[in-house]
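Working notes, beginning with the structure itself.
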Amino acid sequence: MAYWLMKSEPGAWSWDQQKKEGKAGAEWDGVRNYQARNNMRAMKKGDLAFFYHSVGEKACVGIVKVVAEAHPDSTDGSGQWECVDVAAVADLPKPVTLADIKATPQLKDMVLVNNSRLSVQPVTVAEWQKVCALGGLPHPPKA
DNA sequence: GCCAACGTTGGC
DNA sequence: GCCAACGTTGGC
Numbered sequence: 001m002a003y004w005l006m007k008s009e010p011g012a013w014s015w016d017q018q019k020k021e022g023k024a025g026a027e028w029d030g031v032r033n034y035q036a037r038n039n040m041r042a043m044k045k046g047d048l049a050f051f052y053h054s055v056g057e058k059a060c061v062g063i064v065k066v067v068a069e070a071h072p073d074s075t076d077g078s079g080q081w082e083c084v085d086v087a088a089v090a091d092l093p094k095p096v097t098l099a100d101i102k103a104t105p106q107l108k109d110m111v112l113v114n115n116s117r118l119s120v121q122p123v124t125v126a127e128w129q130k131v132c133a134l135g136g137l138p139h140p141p142k143a
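UniProt numbering puts the last residue of the first sequence at 143; the count rises by one with no breaks.
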């Protein structure tokens, strides 16, 4: 089991929309980047991920769970791209902003800091726990 | 709104 | 297979 971070522009797909999909979840579609696709292929059912709002807000706002492993992206006609399904699990009581992350020495190696353009990225256990703690979840959910 | 960084494309 | 040009992303 592993932890991840998935980015979305709120204008394209927001945390509110994700939550409306409920426990059944929704396709994380539209990813057209090989590294991000490979990360999704590595995901297992039950893995957890931060839901990050890029652009305006720049903060982790919630936690999602992988409910279906990689399958062809229904928005892609070429069959080349894949996606997973994710369902909202919990809000982060306090959104953890990019500035918060940069200001935290233990988080300086996060992919988010060093490769901000990668839309689906791995998160270590230590980073998971630290970001959850900053977000107001002293007992982070476990994948 | 600007610009730097990155990934992809296509000509050679 | 290399590299220049281009498009896109995302922080500021």
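Cβ coordinates follow ideal geometry from the N, Cα and C atoms, glycine included. In this text, all values refer to a predicted model and were calculated from it rather than measured experimentally.
Met1 versus Pro122 - alpha carbon distance | 12 Å
Trp81 versus Asp73: straight-line alpha-carbon distance, rounded:
6 Å
Exercise. His53 and Ser8 look like a contact to me (Cβ under 8 Å); what is the Cβ gap, rounded to whole Å?
Worked result: 7 Å
Among the candidates Lys94, Ser78, Val86, whose CA atom is the shortest distance from the CA of Lys20? Val86
| With C-beta atoms as the reference, is Leu98 less than 8 Å away from Ala126? | no
- prompt: Contact check, Gln129 vs Pro141 under 8 Å by CB: the rounded distance?
  reply: That pair is no contact at about 10 Å.
query: Count the other CB atoms within 10 Å of the CB of Ser78; is the residue buried (16 or more) or exposed (fewer)?
result: exposed
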